[in-house]
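Protein chains: 2
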Amino acid sequence: LTRYRELADELAALITHGTLQVGERVPSVRSLVQQYRVSPATAMRAYEILESKDLIEARPRSGYYVSRTAEPAHSRPPSKSTRVEVSDLVFDILEATRVRDVVPLGSAFPSPLLFPWAKLARFLGSSARHMDPWTTVQSLPPGSEELRRQIARRYLLSGASVRTDEVVITSGALEALNLALATVTRPGDVIAIESPTFYACLQAVELAGLKAVEIPTHPGSGVDIGALRDAIAKHNIRACWFMTTFQNPLGATMPEERKKELVALLAKHEIPLIEDDVYAELYFGERPRSAKSFDRKGLVLNCGSFSKCLAPGYRIGWVAAGRFAKDIQRRKIISTLATSVPVQEGIAAMLRHDGLDGHLTDLRQALRDQQQKTLISIKRHFPAGVRVVVPDGGYFLWLELPKSADAMEIYRAALAARISVAPGPMFSARRAFHNCLRINCGHPFTADIDRAIAKLGKICGTAGSTDPPRAS
Amino acid sequence: LTRYRELADELAALITHGTLQVGERVPSVRSLVQQYRVSPATAMRAYEILESKDLIEARPRSGYYVSRTAEPAHSRPPSKSTRVEVSDLVFDILEATRVRDVVPLGSAFPSPLLFPWAKLARFLGSSARHMDPWTTVQSLPPGSEELRRQIARRYLLSGASVRTDEVVITSGALEALNLALATVTRPGDVIAIESPTFYACLQAVELAGLKAVEIPTHPGSGVDIGALRDAIAKHNIRACWFMTTFQNPLGATMPEERKKELVALLAKHEIPLIEDDVYAELYFGERPRSAKSFDRKGLVLNCGSFSKCLAPGYRIGWVAAGRFAKDIQRRKIISTLATSVPVQEGIAAMLRHDGLDGHLTDLRQALRDQQQKTLISIKRHFPAGVRVVVPDGGYFLWLELPKSADAMEIYRAALAARISVAPGPMFSARRAFHNCLRINCGHPFTADIDRAIAKLGKICGTAGSTDPPRAS
Numbered sequence: 001l002t003r004y005r006e007l008a009d010e011l012a013a014l015i016t017h018g019t020l021q022v023g024e025r026v027p028s029v030r031s032l033v034q035q036y037r038v039s040p041a042t043a044m045r046a047y048e049i050l051e052s053k054d055l056i057e058a059r060p061r062s063g064y065y066v067s068r069t070a071e072p073a074h075s076r077p078p079s080k081s082t083r084v085e086v087s088d089l090v091f092d093i094l095e096a097t098r099v100r101d102v103v104p105l106g107s108a109f110p111s112p113l114l115f116p117w118a119k120l121a122r123f124l125g126s127s128a129r130h131m132d133p134w135t136t137v138q139s140l141p142p143g144s145e146e147l148r149r150q151i152a153r154r155y156l157l158s159g160a161s162v163r164t165d166e167v168v169i170t171s172g173a174l175e176a177l178n179l180a181l182a183t184v185t186r187p188g189d190v191i192a193i194e195s196p197t198f199y200a201c202l203q204a205v206e207l208a209g210l211k212a213v214e215i216p217t218h219p220g221s222g223v224d225i226g227a228l229r230d231a232i233a234k235h236n237i238r239a240c241w242f243m244t245t246f247q248n249p250l251g252a253t254m255p256e257e258r259k260k261e262l263v264a265l266l267a268k269h270e271i272p273l274i275e276d277d278v279y280a281e282l283y284f285g286e287r288p289r290s291a292k293s294f295d296r297k298g299l300v301l302n303c304g305s306f307s308k309c310l311a312p313g314y315r316i317g318w319v320a321a322g323r324f325a326k327d328i329q330r331r332k333i334i335s336t337l338a339t340s341v342p343v344q345e346g347i348a349a350m351l352r353h354d355g356l357d358g359h360l361t362d363l364r365q366a367l368r369d370q371q372q373k374t375l376i377s378i379k380r381h382f383p384a385g386v387r388v389v390v391p392d393g394g395y396f397l398w399l400e401l402p403k404s405a406d407a408m409e410i411y412r413a414a415l416a417a418r419i420s421v422a423p424g425p426m427f428s429a430r431r432a433f434h435n436c437l438r439i440n441c442g443h444p445f446t447a448d449i450d451r452a453i454a455k456l457g458k459i460c461g462t463a464g465s466t467d468p469p470r471a472s
Numbered sequence: 473l474t475r476y477r478e479l480a481d482e483l484a485a486l487i488t489h490g491t492l493q494v495g496e497r498v499p500s501v502r503s504l505v506q507q508y509r510v511s512p513a514t515a516m517r518a519y520e521i522l523e524s525k526d527l528i529e530a531r532p533r534s535g536y537y538v539s540r541t542a543e544p545a546h547s548r549p550p551s552k553s554t555r556v557e558v559s560d561l562v563f564d565i566l567e568a569t570r571v572r573d574v575v576p577l578g579s580a581f582p583s584p585l586l587f588p589w590a591k592l593a594r595f596l597g598s599s600a601r602h603m604d605p606w607t608t609v610q611s612l613p614p615g616s617e618e619l620r621r622q623i624a625r626r627y628l629l630s631g632a633s634v635r636t637d638e639v640v641i642t643s644g645a646l647e648a649l650n651l652a653l654a655t656v657t658r659p660g661d662v663i664a665i666e667s668p669t670f671y672a673c674l675q676a677v678e679l680a681g682l683k684a685v686e687i688p689t690h691p692g693s694g695v696d697i698g699a700l701r702d703a704i705a706k707h708n709i710r711a712c713w714f715m716t717t718f719q720n721p722l723g724a725t726m727p728e729e730r731k732k733e734l735v736a737l738l739a740k741h742e743i744p745l746i747e748d749d750v751y752a753e754l755y756f757g758e759r760p761r762s763a764k765s766f767d768r769k770g771l772v773l774n775c776g777s778f779s780k781c782l783a784p785g786y787r788i789g790w791v792a793a794g795r796f797a798k799d800i801q802r803r804k805i806i807s808t809l810a811t812s813v814p815v816q817e818g819i820a821a822m823l824r825h826d827g828l829d830g831h832l833t834d835l836r837q838a839l840r841d842q843q844q845k846t847l848i849s850i851k852r853h854f855p856a857g858v859r860v861v862v863p864d865g866g867y868f869l870w871l872e873l874p875k876s877a878d879a880m881e882i883y884r885a886a887l888a889a890r891i892s893v894a895p896g897p898m899f900s901a902r903r904a905f906h907n908c909l910r911i912n913c914g915h916p917f918t919a920d921i922d923r924a925i926a927k928l929g930k931i932c933g934t935a936g937s938t939d940p941p942r943a944s
């Protein structure tokens, strides 16, 4: 390949892939000569080729521009074999829920329409404007002192005495969970997880090179303590990762007494508990206590986030890490260094000056309302024999279909009808729960969603199930 | 311990550690009863104890407040043994450079006073105000389409044709580097790194469970290609991590021809190159080309960031990942999920509407000026026999003292005099470079800095060196 053809090919790719867009100026011949270290003749010939292909056009005394007839392609770069053994299923479903014309019943997120964006933007803008530049150095991990203090104060509301210096700010709860896991384990260790469990937990276990023991988890009352006790006797369990309140996907909340029992059992064996507590604020009735509130040994690493209750996409999470705070801080420094400082400052200012409670009252009411309407719609449209667990908070419903149902088939049929769902096998390393679905009710209930549920009900009545569909 | 004493102790700790601050209201007795599930009598008795210790005071018809006489303590939580084998030295030095009354000659950061904060705040606030809420879902990895496109376009300036879909946004360059490393290696693999090398690279190698072969790197011309060739013949090298331009700590830049040779050598062996390119924009003369600009096989993962050239603390970095883009995107999703969306949008808007070049011209000029003044001061105040490499960009100077000098001793003596420096052994797994120092010249040159350099020169003339100090 001659240099000018090669150069023409490179630039053509930038145009067809949209890096250089229709109507935009392309680099001048002079700058090509300088930056690409080619001769003027080579640069000119490359542009002649692009012109002959109608990808660029010369404008007198102004230079070359991407021509209006240039057609963008939309391919993806070639992918090498994926080293992490993560399930393609999880990524497919994540992709599907990002497409806006797919009804997001499979989404893991609440609707972005439920959050106080204008107020957040005001606090963010104002904090950035008034930020002392040195804050960017001082808010390195563990993070903004004021934000950590505000978070520590909020723990008081759930009966947990958390000190400011125990809190490490992270880029969302997922970073907190991964840091916690990597800090309390070594590759090859065994940890206990729920079954079914949030798929990100399965991925984190793979990422950290761990083995997992799945502990049966009940829709009503969460982790089975007896089974956990047996597992501890049998395996050398180095940590537990449990979502004790509004568990994803079940919606289960461990009763207080059971949380207390869990903390006591783990304290006896000196086993750290990674408590994924991201739905803590989304209760409909009384505020649930966390396992952390019973912790007296600093063994519970309670991971939280503003992504589900205040500011999705701002990426502010934290871990109240007990005796592991210093280790987590160091691990954060060497993995992602710091969390965005103006965003930390903005959220801290909002917590300090405005509080969350006004917004949270509205949010809880909206979620409860959506849950009710979704339940009514499911009752109306789904075949007989579907069991639904109704949680006291959060925005998930766990549907158990008749044993003969095939959630993967339902998932595929639904996606073809532009509806996403989260099939049970996503939530298990053993691909169990083949007859279960997780339904997101975190979106304002509309006629579109009602229609999607009706459609889904019909699919459930036929796909892989031998039960006849209920007449509607 | 009775429950009320326990509760009093917990609340006392929150007060003495500053989570509840002087003058702030403490939870009401009623809320203690509700949240901590204690009897009113227990709550009352706990507060009586706190009152008797003068930690809180009752205000009529208003509740209890932290009293003005409550004295804050400033301790740290107990630390468990650190699993990651990171050097305490690195963390000690990081801590020292965060203290504001220590002259930051050991800092890794440029002065925060050199950046366009007002303009950044305006774009951040405006982007947050106008952000479509659905953007928070759509800007999941690989990240904001517009930001990725702007970054891809900027690569044209250095002669590299990078497509938008090759760019993955990360929370700073360090996340990009760690994701890149974890994506192209498995634990136990051998990688090639520079010697001396940036300490974060050493930490990343430990974090990923890798072995490193150190390749001699010259202050003038960077990585020794011959030595690398030998290393490839001898070891099964799975990746290289090099900083090809303004290397930290040396300041070395590989000449273009050598970068080309490097890329060709690695292409022949199908070895990925992780190119840490965070100082690319900080050149004083001609814009250097990157190794990435010679890459035809998608083997170079060029990692960049706005933290050194535009927006420290905003935490926006990226990797132009070649054939590994899809894998990196997935690994990002399972490790930290996403990068702050309003910040991505704000930086994209600034790139689109304002560009960087006005600011960068000022920044480069300031850094060059500071470098000159620092060099003059060093020449004046340091003992004879000190060799300084003068790089064409960045903000580090690498000082080679006489062989008899002990950088660790100098580091300790300087810190006692409220001056931080980065001693040579920080930059080597084998603790080599015992007679070298890295000096930060990224801060506006002031009389304080001049005095600090004079003091440091005096320390270098005495600490561990047998050479007599130069008369000044």
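Protein chains in written order, with the working numbering: chain A, 1 to 472; chain B, 473 to 944. Backbone N, C-alpha and C fix where the C-beta goes; we use that ideal spot for every residue, glycine too.
Between the alpha carbons of A894 (chain B) and L577 (chain B) lies a gap of roughly 8 Å.
C-alpha of G457 (chain A) to C-alpha of V386 (chain A): approximately 10 Å in a straight line. Taking the CA atoms as reference points, R3 (chain A) sits about 58 Å from T446 (chain A).
The beta-carbon separation of H707 (chain B) and V662 (chain B), rounded to 5 Å, stays under the 8 Å limit for a contact. S195 (chain A) has A:P216 as its beta-bridge partners, per DSSP. Listed by position along chain B, the residues whose Cβ is nearer than 8 Å to that of S139 (chain A) are G785.
Within chain A, the C-beta atoms nearer than 8 Å to that of G490 (chain B) come from R149, T164, in chain order. Where I641 (chain B) is concerned, the enclosing beta strand (DSSP E) starts and stops at 639–642. Among the bridge pairs identified by DSSP, C712 (chain B) is matched with B:A664, B:L745. The residues L7, A43, in chain order, have a CB closer than 8 Å to that of Y36 (chain A) in the same chain once the five nearest residues on each side in sequence are set aside. Here the alpha carbons of V656 (chain B) and G914 (chain B) stand approximately 33 Å from one another. With contact defined as three or more Cβ pairs closer than 8 Å, the region 111–118 of chain A and the region 594–605 of chain B are in contact. DSSP lists no beta-bridge partner residue for S428 (chain A).
With a cut-off of 8 Å on Cβ pairs, the region 230–246 of chain A is in contact with the region 268–277 of chain A, counting three or more such pairs. According to the DSSP assignment, N774 (chain B) belongs to the beta strand (DSSP E) that extends over 772–777. For the pair M254 (chain A) and L266 (chain A), the CB atoms are not nearer than the 8 Å cut-off.
With a threshold of 16 other beta carbon atoms within 10 Å, S420 (chain A) meets it and is buried. With respect to the C-alpha of V33 (chain A), the residue from B:L629, B:Q506, B:R620, B:R477 having the closest C-alpha is B:L629.
Cβ atoms of C775 (chain B) and D748 (chain B) come within 8 Å of each other, at about 5 Å. Going by C-alpha positions, V538 (chain B) is about 42 Å away from A885 (chain B). The beta-carbon of I334 (chain A) is placed less than 8 Å from the nearest beta-carbon of chain B.
Note on geometry: alpha-carbon atoms of S633 (chain B) and S765 (chain B) lie some 7 Å from one another. Beyond the five residues adjoining it in sequence on each side, G394 (chain A) comes within less than 8 Å, by CB distance, of F246, N248, G251, Y279, L282, L367 in the same chain, given in chain order. In the DSSP assignment, the residues bridged to I528 (chain B) are B:V538. Within its own chain, the residues whose Cβ lies closer than 6 Å to the Cβ of V639 (chain B), once the five positions on either side in sequence are excluded, are R620, I623, A624, W790, A792, listed in chain order.
Within chain B, the residues T608, V609 have their CB atoms less than 9 Å from the CB of F109 (chain A), given in chain order. Judged by their CB atoms, A212 (chain A) and V223 (chain A) are not nearer to each other than the 8 Å cut-off. Of all residues in the region 658–675 of chain B, those with a C-beta nearer than 7 Å to a C-beta of chain A are R658, P659, A672, Q675, reading in chain order. For a Cβ distance threshold of 9 Å, nothing in chain B lies close to N248 (chain A): the least Cβ distance comes to about 14 Å.
C-alpha of H853 (chain B) to C-alpha of A645 (chain B): approximately 36 Å in a straight line.
Here the alpha carbons of S340 (chain A) and K525 (chain B) stand approximately 40 Å from one another.
Excluding the 5 residues flanking it on each side, L14 (chain A) has same chain C-beta neighbours closer than 6 Å at L20, in chain order. Secondary structure of G322 (chain A) (DSSP, three-state): helix. A straight line joining the alpha-carbon of C460 (chain A) with that of G827 (chain B) spans about 53 Å. Boundaries cannot be given for F115 (chain A), as no beta strand (DSSP E) includes it and DSSP labels it neither H nor E. By the Cβ-count criterion, D295 (chain A) is buried, with 16 or more other Cβ atoms from all chains shown falling within 10 Å of its own Cβ.
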